[in-house]
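Some notes on the structure that comes next.
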Amino acid sequence: MRLPVFAITIVLAIPCLVQAAEQGNAQAIYIERCAICHDNPTERIPSRDILATRGPDDVMRAFAPYGIMQPHGVGLIPSDIVDLAVFLTGEQPTGATTTNPEANMCRAPAMAMKPDSRAWNGWGKDASNARFHPNPDLTVTSVPRLKIKWAFTYPTDQVAGVPTVGGDWVFVSTFIGRVFALDVETGCTHWSFDAGSPVKGAMVVGPNANAESGYAVYFGDEKAIVYAFDATSGSELWRIRVDDHPVARITGSPTLAGGRLFVPVSSLM
4 MRLPVFAITI VLAIPCLVQA AEQGNAQAIY IERCAICHDN PTERIPSRDI LATRGPDDVM
64 RAFAPYGIMQ PHGVGLIPSD IVDLAVFLTG EQPTGATTTN PEANMCRAPA MAMKPDSRAW
124 NGWGKDASNA RFHPNPDLTV TSVPRLKIKW AFTYPTDQVA GVPTVGGDWV FVSTFIGRVF
184 ALDVETGCTH WSFDAGSPVK GAMVVGPNAN AESGYAVYFG DEKAIVYAFD ATSGSELWRI
244 RVDDHPVARI TGSPTLAGGR LFVPVSSLM
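Going by my numbering, the sequence shown opens with residue 4, and the numbers climb by one from there.
Here it is as structure tokens:
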């Protein structure tokens with residue numbers, strides 16, 4: 004009876020040995036490629052403790068092509084990055100968002116795009132970056148009476164860009180690269196698009212003669228690509244990479260002024 008027990012002990016130990024080997028590999032990668040910065044955090048470099056609060060999929064996206072850590076991941080194979088993500092967060096990656104972007108689609112036809120006094124267009128509301136809306140109905144006394152009309156669940160735990168409101172439409176961006184065009188009355192989704200790279204800035208809406216609706220929505224992603232879509236149909240009008248530097252990216256919000264689209268570009272270097 005002892006031999007089978009011994010054999011079972013060995014079999015049960017194998018997963019532990021594999022796990023230890025993976026953890027040791029990930030620790031070596033962290034020490035070699037990550038520790039010099041994340042063990043000495045600054046205002047713009049998160050500590051290892053902060054990294055531990057991020058989801059494993061978030062860590063893996065950072066090493067994807069055009070990801071913020073991509074230059075530091077050169078030479079790593081996919082399993083190395085998975086091991087590192089698990090090592091840092093203590094969780095297994097899901098491999099995909101659990102939110103179905105098609106689950107919230109609008110049933111009623113979309114309304115025409117007619118920007119009105121409710122508009123909040125882009126990061127600071129308008130080209131002057133006013134960041135103020137002179138709505139006479141929103142006062143100190145009316146705030147306590149506000150009630151939630153609807154809620155929209157983002158398919159990610161990080162959002163940077165503010166919603167853009169134009170007429171009966173709300174446009175939102177996400178860290179996983181999917182943008183949504185929502186109905187202002189119900190919060191349902193008229194259309195969405197996956198850029199495949201984080202869209203951190205706000206989207207901006209403006210007249211466009213090539214758009215069937217007469218309006219286009221513009222945004223940029225971390226691949227330094229700027230997109231233009233018909234605001235109501237979601238049809239792509241054009242896209243262009245505005246900078247061919249390997250680590251160029253767009254994290255700010257485009258601004259429309261004088262018939263031109265101004266796009267901020269940043270870099271890791």
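In this text, a Cβ means the ideal position worked out from N, Cα and C, and glycines have one as well.
{"Asked": "Use the C-beta contact count for residue 176: other C-beta atoms within 10 angstroms, 16 or more gives buried, fewer gives exposed.", "Found": "buried"}
{"Asked": "Below 8 Å CB to CB, which residues in the same chain sit around residue 110 once its five sequence neighbours on both sides are set aside?", "Found": "191"}
{"Asked": "Is residue 235 buried or exposed, if buried means 16 or more other CB atoms sit within 10 Å of its CB?", "Found": "buried"}
{"Asked": "Tell me the residue span of the alpha helix (DSSP H) that contains residue 54.", "Found": "51-56"}
{"Asked": "Does DSSP put residue 116 in a helix, in a strand, or in coil?", "Found": "coil"}
{"Asked": "Residue 51 to residue 206, Cα distance in whole Å?", "Found": "32 Å"}
{"Asked": "Which residue's Cα is closest to the Cα of residue 135: 121, 144, 148 and 147?", "Found": "121"}
{"Asked": "Once you ignore the five residues that flank residue 131 on each side, which residues in its own chain have a CB closer than 8 Å to its CB?", "Found": "none"}
{"Asked": "By the DSSP assignment, the alpha helix (DSSP H) with residue 246 in it spans what residues?", "Found": "Run containing residue 246: none; DSSP gives neither H nor E here."}
{"Asked": "Determine the closest residue to residue 266 out of 239, 83, 240 and 225, with distance taken between C-alpha atoms.", "Found": "225"}
{"Asked": "Tell me which residues share the same chain as residue 268 and place their Cβ nearer than 7 Å to its Cβ, disregarding the 5 neighbours each side in the sequence.", "Found": "227, 245, 246, 251 and 253"}
{"Asked": "Judging by CA-CA distance, which residue of 167, 201 and 198 is the nearest neighbour of residue 185?", "Found": "167"}
{"Asked": "Count the other CB atoms within 10 Å of the CB of residue 148; is the residue buried (16 or more) or exposed (fewer)?", "Found": "exposed"}
{"Asked": "Does the ligand ADP have a heavy atom nearer than 6 Å to the CB of residue 46?", "Found": "Annotation note on the ligand ADP: not contained in the displayed structure, which lists no ligands."}
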